[in-house]
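**Student:** Following the numbering used here, the residues of the sequence shown are numbered contiguously, the last one being 435. Just passing along the structure, written as structure tokens.
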Amino acid sequence: MMAPYHSNFLTVKFLDKRDNFAWRCITVYDPNVRALKSAFWEELRSCSGDPRVPWVIGGNFNAIFSIEDKSSGAPNLRDIRVANKFLLDLHLCEPPAIGRRFSWTNGQENPIWVKLDRFLVNTPWNDHFPRILQNSLPRLGSDHVPIRLEVGGVSFHPRPFRFEAVWFTDEGFNDRVKQWREEMAPVGCGAFVLSKKLAGLRERLRTWAKFNFGSVKLKKLELLHQIETLDTVKESRGLLPSELVFEQSLLQLLEIIHKKEEIYLRQRSRTHWLKEGDGNTKFFHAVANGRKSRNLISGVVLDENRIFDPKEIGKIFVARFQQQFGSKRESRFKVDLPKLFENKQHVQLGVLEGPFSSEKIKDAVFSLGGDKAPGPDGFPMCFFKQCWESIKVDIFKFCEDFYFDRANLEKVNWASIALIPKMETLEQPGD
């Protein structure tokens with residue numbers, strides 16, 4: 005459906021009948037006349053509409069949003085301030101961009117490159133499409149680079165196990181972990197026993213989370229549906245005493261679900277400077293979605309060809325890391341330790357050679373950040389802290405075998421390589 009016409013932009017409202025997803029799109033062209041710019045921003049503000057409706061703005065803004073948007077020459081700081089105030093006031097953000105850094109050139113012998121064209125989206129749109137990207141297309145016969153808005157592909161790789169901190173909220177969780185651990189009796193060195201028990205816990209937790217704990221999101225939707233049903237009944241009659249009690253119980257359960265949802269999203273956002281319980285669910289959700297978008301590697305350039313197939317991208321990075329780490333290099337540094345310490349005062353270090361005490365092991369474990377990213381086994385340090393009484397024997401055994409050189413470290417000494425782009429516009433595997 006077409007919205008009212010404006011001189012510098014056009015608004016179109018869309019409705020997907022398959023799932024009733026409604027959203028608005030505005031295409032803009034900011035006039036390149038200084039006297040008309042203020043009127044353009046104000047006119048665009050007046051069309052913001054309902055902030056709960058997903059909204060996309062795209063086109064030529066004829067303005068830069070940061071000093072990095074211009075290759076050379078003095079940037080217009082006033083344009084930057086006005087543009088960023090517009091983003092802040094309407095809660096808009098610019099999705100991550102891949103491909104070309106700039107979108108317009110003056111075509112001179114010593115050209116100036118500027119980023120004038122872009123997409124902007126609001127929070128509801130970002131929530132619906134968390135892996136959104138701006139992708140530049142070939143520039144043919146124009147001084148502008150076309151930009152395509154992509155909502156992200158779907159990866160069909162099996163999802164690795166990740167321990168959820170929200171599981172701690174389930175009553176009797178620690179006792180359940182203790183029982184599962186006691187059911188397993190692998191035989192071997194400390195490293196083998198620890199790795200096998202963690203693997204067994206992973207499988208049991210997967211099954212329990214799927215069939216017993218359930219999805220926090222689905223539970224929330226079910227509660228909201230039940231509350232809405234009772235609310236609809238109120239329109240025609242008063243609630244019965246039993247229905248009032250049931251409604252109160254639903255509201256209490258909903259409060260618990262909101263707390264679980266906040267813990268769940270906070271773990272994914274990895275934002276540690278805000279505390280749980282402050283009602284920051286939407287903020288944590290936005291941070292988590294933003295990180296997914298920034299870290300998404302949708303394509304890389306190889307031999308001047310852009311590769312988009314996930315399997316081929318994986319092969320490219322495997323080859324690069326094999327080249328980087330696959331061959332042994334001779335050390336360039338040679339240190340003569342006796343000569344280095346010949347004039348130093350003798351220090352008794354025998355105490356460092358003693359076996360690890362249980363107190364020292366526990367102190368080392370509990371000094372680590374509980375909500376940091378987990379290792380390949382999927383268990384963060386908060387799991388080991390929370391379930392310490394259940395698993396401390398296996399940790400002590402592993403440390404003892406390590407000290408006496410009985411541990412097979414191949415069972416635990418491995419890691420996953422996380423590919424994180426170092427720049428906004430990813431081109432080569434080295435980026």
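The beta-carbon is built from N, C-alpha and C at its ideal position, and this holds for glycine as well.
Between the Cα of residue 382 and those of 89, 202, 94, 26, spot the shortest distance and give me the residue it belongs to.
**Tutor:** With distances taken between Cα atoms, residue 382 lies closest to 202.
**Student:** Please classify residue 126 as buried or exposed, where buried requires at least 16 neighbouring CB atoms within 10 angstroms.
**Tutor:** The residue in question, residue 126, is buried, as its Cβ has 16 or more Cβ neighbours within 10 Å.
**Student:** Just how far apart, CA to CA, sit residue 365 and residue 400?
**Tutor:** Using only the alpha carbons, I get a separation of about 7 angstroms.
**Student:** Does residue 176 come out as helix, strand or coil in the three-state DSSP assignment?
**Tutor:** In this structure, residue 176 counts as coil in the three-state DSSP scheme.
**Student:** Which of the three DSSP states, helix, strand or coil, is assigned to residue 154?
**Tutor:** In the structure shown, residue 154 sits in a strand (DSSP, three-state: E or B).
**Student:** Is the stretch 205-220 touching the stretch 397-415, taking contact as three or more C-beta pairs under 8 angstroms?
**Tutor:** Segments in contact, no.
**Student:** If you compare alpha carbons, which of 146, 147, 312, 153 is closest to residue 130?
**Tutor:** The shortest C-alpha separation from residue 130 is found at 153.
**Student:** Threshold first: 4 residues or longer. Then list the alpha helix (DSSP H) segments lying entirely within the stretch 213-262, N to C.
**Tutor:** Here the runs fully enclosed are 220-238.
**Student:** Does the Cβ-Cβ distance between residue 263 and residue 220 come in under 7 angstroms?
**Tutor:** Not closer than 7 angstroms, so no.
**Student:** Under three-state DSSP, which class holds residue 15?
**Tutor:** DSSP places residue 15 in strand when its eight states are reduced to three.
**Student:** Assign residue 146 to one of two classes, buried (16 or more other C-beta atoms within 10 Å of its C-beta) or exposed (fewer than that).
**Tutor:** Exposed is the call here.
**Student:** On the DSSP letters alone, give me the boundaries of the alpha helix (DSSP H) that residue 129 sits inside.
**Tutor:** Residue 129 -> alpha helix (DSSP H) spans 127-132.
**Student:** Among 369, 404, 402, which residue has its Cα nearest to the Cα of residue 387?
**Tutor:** Considering only alpha carbons, the answer is 369.
**Student:** Are residue 31 and residue 63 closer than 7 angstroms when you measure CB to CB?
**Tutor:** Yes, the Cβ-Cβ distance between residue 31 and residue 63 is below 7 angstroms.
**Student:** Closest to residue 33 by C-alpha separation, out of 99, 22, 254, 15, would be which residue?
**Tutor:** Of the listed residues, the one whose Cα sits closest to residue 33 is 15.
**Student:** Whether or not the stretch 99-108 and the stretch 133-145 are in contact is what I'm after, with contact meaning three or more pairs of Cβ atoms, one per stretch, closer than 8 angstroms; do they touch?
**Tutor:** These segments touch.
**Student:** Taking only three categories from DSSP, how would you classify residue 205?
**Tutor:** Residue 205 falls in the helix class under three-state DSSP.
**Student:** By the three-class DSSP mapping on this structure, what secondary structure does residue 94 have?
**Tutor:** Three-state DSSP puts residue 94 in a helix.
**Student:** Within 10 angstroms of the Cβ of residue 120, are there 16 or more other Cβ atoms? Answer buried if so, exposed if not.
**Tutor:** Buried: at least 16 other Cβ atoms inside 10 Å.
**Student:** Which of the three DSSP states is assigned to residue 139 in this structure?
**Tutor:** Strand at residue 139.
**Student:** So, is residue 194 buried or exposed, given that buried needs 16 or more other C-beta atoms within 10 angstroms?
**Tutor:** Buried: at least 16 other Cβ atoms inside 10 Å.
**Student:** Should residue 249 be flagged as near chain B, meaning a C-beta pair shorter than 7 angstroms?
**Tutor:** No chain B is part of this structure, which consists of one protein chain only.
**Student:** Between which two residues does the alpha helix (DSSP H) harbouring residue 39 extend?
**Tutor:** Where residue 39 is concerned, there is no enclosing alpha helix (DSSP H), given that its DSSP letter is neither H nor E.
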